Amino acid sequence: MNLIGEKISYKPDEQFHLNDVSFNFKKGNLYTILGRTLSGKTTLLKTIAGLLNPDQGSISFEEKDFIKIPVWERNVAMVYQQFINYPHLNVYENITFPLEQRKLSPEQIKKDVDEALKTVGLVGFENRKIQELSGGQQQRVALARSLAKKAKILLLDEPLVNLDYKLREQLREEFKRIFSEGLSQDTILIYSTTDPQEVMELNGEVIVLDEGRVLQKGPAKEIFENPSNLKVAEISNDPPMNVLKGSKNSKNLNFENISLEIPNHFKNLEDKDYNFGIRASEIKLDENGEEFEIELAEISGSETLLHLKRGNSKLIALIEEVMNFKIHEKVKINFNANKFYAFGEDEKLVSSPYGGTDG
Amino acid sequence: MSKLYTFLKYFFITFWTVFVVAPFLWAVSTSFKDFQSVNSKVTYIPWLDFEPTLEGWRVLIKSPAKGGVDIVEPYFNSIFVTCTASLISIVLGTLAAYALSRFTFKAGFVRNNDITFFFISQRIMPPIVLSIPFFIFLSTIGLLDSLLGLVVVYIVLLMPIAVWIMVDFFNRVPKELDETALIDGCNPYQAFYKVVLPNSIPGLIVAGMFCIIFGWIDFFFAFILTFTEVQLLPVKVVALNSSITPWWSLSASALVSVAPLIIVAFIVERYLSKGNLSGALK
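Residue numbers (our numbering), protein chains in the order written: chain P, 1 to 359; chain C, 1001 to 1282.
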């Protein structure tokens, strides 16, 4: 009874948009697809919706071959990152559109629409024109239309990306509530995003996609704690995880003429060259630390992002207060060695502070 | 500075209005004059300068046997040919434009853009180049000097305009709108007429307006492809001009010829200002 995709490939031109993607989505679960722009997220969702037909591979749902069923009979719902609504209809008509298309009874339609409007918080907006609504409200209408359909598969393609920061935070909170209240146990919810924070908050099963390939699958916590390779570590962190080329010997970790004591979780590691990974938040300003040059300092909200450089290594440090720095100024920083990741030269995870892989 | 700007603005608006409206007023005035009031001295205001007469207007509906010119039949011919050709052009052109905007065509080296250009290229040629082929074509299929023949030719002339305007319009309607309609349970035909068409009304109106204007004002093909059986308005109006120019009936016929376009312009203006599409994609 699951939505199963096997070895799906889609290559409309020179490049793969999807490359050997397989999945098994179970009913009643939330799945997030994490990947950067152009990683194939939208293509995957459109393939599931039936708007695109893969060149290879199969999709089945409830034991039926999904590819043979045209889009308009698949009973899926999709919310786009652009706020797509029918401009010639008002809010109420927008939400009833798919229900009327399915020829439900007027009483049933009224009931479903009222319920959906309540869930997304747009009661009282029934007769408004779409053009009169703000971006956030337009996206709510699109979401309400999808919810009212009671589709078995609900696809959300970066639904928050075109909203401003404040609204995104607010709607993200609401999404968690809507997903827990407004959806039945039969629904498969698939949510794509570029934002690792959204993935962590929604806390579902994650698929990390890059250049059309699945890099890693697993629960959000697992992806965050034990990214299987450098790419995943980059994609699943914002700012991306810092990578430092270095080596381990019997006494120290060495990179850029810096020596650190070997943390406990690296004790059993072979002595050789590694790509060390460290999150921006695990780097602190420290008078007794190592000297780096500031290339750029960005203040975002109540945090400061420092882009630092030393030798050939560049890294980003996240300072949890607003501070003013001059470009090319020297600062001293300290690394939290206990939070170091080690990736092999093939970029695969060798050891993580959370006990991932053989270590 | 801003005062000067305001002054110049109103000055040019006034100037332009006078420039555009004056000939019409002049034509209205002339249409009520007789031979005497046109040729003796310059006259402007009826009853004051000259004694108005309806003779210029009467001639237009009098049959030739009674010394009139009878533009009533050509008038309805023109309306029929223009409307039929415009309607068919809009229907076929819109369907073609939608296909060109949404689907990818490949035939040898030919792609969507090439097909669109092919349509437009039909208007690049000077009409004179087409006159002989059209003449031979219509005479071969026996439609020379007939309304149907003119409709066929006008469709050839008008459809490129419809395709051109509608391709551009559909390209600006987000593809996601059609996709959402499909996801919401419409088959491709329903998606087109339930969602895409209602949101394309401004484009359809613009395309329709251009078709009607270009169809209505065409003199060249109407002149070449008709003789005695069928006549269109522009040909008939020009034919009024004889050794003694009948300025009064010429003015009157010019006014009735322009009237439909003015009515169309007023209707269209109201629709265009609505701006229906802004909410589709922000």
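Every residue gets a Cβ at the ideal spot worked out from N, C-alpha and C, and that includes glycine.
Computed from a prediction, not measured in an experiment: that's the story for all the values here.
With fewer than 16 other Cβ atoms inside 10 Å of its own Cβ, Ser302 (chain P) counts as exposed. Taking each of C:Val1018, C:Arg1270, C:Ile1061 and C:Leu1225 in turn and checking the Cα distance to Val1151 (chain C), the smallest one comes out for C:Leu1225. Secondary structure within the region 284 to 340 of chain P: the beta strand (DSSP E) runs of 3 or more consecutive residues, fully enclosed, are 303 to 310, 313 to 319 and 330 to 335 (chain order).
Counting only the Cα atoms, Leu183 (chain P) lies some 26 Å from Pro87 (chain P).
Neighbours of Gly1203 (chain C) in chain P, taken as residues at a C-beta separation under 7 Å, are lacking, since the least C-beta distance is about 13 Å. For the alpha helix (DSSP H) assignment, the uninterrupted runs of no fewer than 4 residues enclosed by the region 2 to 88 of chain P are, from N- to C-terminal side, 41 to 49.
Taking CB atoms only, Thr1180 (chain C) has a neighbour in chain P less than 8 Å away. The criterion of a C-beta distance shorter than 8 Å is satisfied by Ala337 (chain P) and Leu260 (chain P). For Tyr1154 (chain C), the closest of C:Ser1002, C:Phe1012 and C:Phe1210 by C-alpha to C-alpha distance is C:Phe1210. Apart from the 5 residues on each side of it in sequence, Val1072 (chain C) sits with its Cβ closer than 6 Å to the Cβ of Ile1061 in its chain, given in chain order. Residues of the region 1167 to 1199 of chain C with a C-beta less than 7 Å from any C-beta of chain P: Pro1174, Glu1176, Leu1177, Glu1179, Thr1180, Leu1182, Ile1183, Asp1184, Gly1185, Cys1186, Asn1187, Val1195, Pro1198 and Asn1199, listed in chain order. Taking Glu225 (chain P) as reference, the option from P:Phe340, P:Leu253 and P:Leu44 with the minimal CA-CA separation is P:Phe340. The contact set of Phe335 (chain P) on chain C, defined by CB atoms closer than 7 Å, is empty, because the minimum CB distance reaches about 44 Å. Residues of the same chain with their beta carbon placed closer than 7 Å to that of Met1125 (chain C) are lacking, with the five preceding and five following residues left out of the count.
Sequence-ordered contacts of the region 34 to 56 of chain P with chain C read Lys46, Ala49, Gly50 and Leu51 [C-beta pairs closer than 9 Å]. Runs of the beta strand (DSSP E) lying entirely within the region 189 to 254 of chain P, each at least 3 residues long, are 205 to 210, 213 to 219 and 242 to 248 in chain order.
By the Cβ-count criterion, Glu73 (chain P) is exposed, with fewer than 16 other Cβ atoms from all chains shown falling within 10 Å of its own Cβ.
Gln101 (chain P) and Gly1185 (chain C) do touch by the CB rule: their CB atoms are close to 4 Å apart, below 8 Å. Excluding the 5 residues flanking it on each side, Pro240 (chain P) has same chain C-beta neighbours closer than 6 Å at Glu234, in chain order. Counting along the chain, the unbroken beta strand (DSSP E) around Ser259 (chain P) starts and ends at Ile258 to Glu261. Counted as a single uninterrupted DSSP element, the beta strand (DSSP E) harbouring Ile153 (chain P) occupies residues Ile153 to Asp157. Judged by DSSP secondary structure, Asp273 (chain P) falls within the beta strand (DSSP E) whose first and last residues are Asp273 to Ile278.
Contact of Gln101 (chain P) with chain C is assigned, a C-beta pair being separated by under 8 Å.
When the beta-carbon positions are compared, Ser1089 (chain C) and Leu1158 (chain C) come within less than 8 Å of each other. Residues of the region 62 to 79 of chain P with a C-beta atom less than 7 Å from some C-beta of chain C are Val71, Trp72, Val76, Ala77 and Met78, listed in chain order.
At the C-beta level, Lys309 (chain P) and Phe325 (chain P) stay beyond 8 Å of one another. If you look at Leu349 (chain P), you'll find it in the beta strand (DSSP E) that goes Leu349 to Ser351.
Judged by their CB atoms, Lys41 (chain P) and Ile188 (chain P) are not nearer to each other than the 8 Å cut-off.
Secondary structure at Pro1074 (chain C): helix, using DSSP grouped into helix, strand and coil. Under the Cβ distance rule, Phe25 (chain P) does not count among the residues neighbouring chain C, no pair being separated by less than 8 Å. The beta carbon of Ala1097 (chain C) lies closer than 6 Å to those of Val1163, Met1166, Val1167 and Phe1170 in the same chain, with the five residues before and after it left out.
If only complete runs of 4 or more residues are kept, the region 1102 to 1134 of chain C shows the alpha helix (DSSP H) at 1112 to 1124, in order along the chain. With a cutoff of 8 Å on beta-carbon distance, Leu45 (chain P) and Ile190 (chain P) are scored as near each other.
Within chain C, no C-beta atom comes nearer than 7 Å to that of Phe276 (chain P); the closest sits roughly 43 Å away. Apart from the 5 residues on each side of it in sequence, Lys1175 (chain C) sits with its Cβ closer than 8 Å to the Cβ of Arg1102 in its chain, given in chain order. By the Cβ neighbour-count rule, His17 (chain P) is buried, with 16 or more other Cβ atoms within 10 Å of its own.
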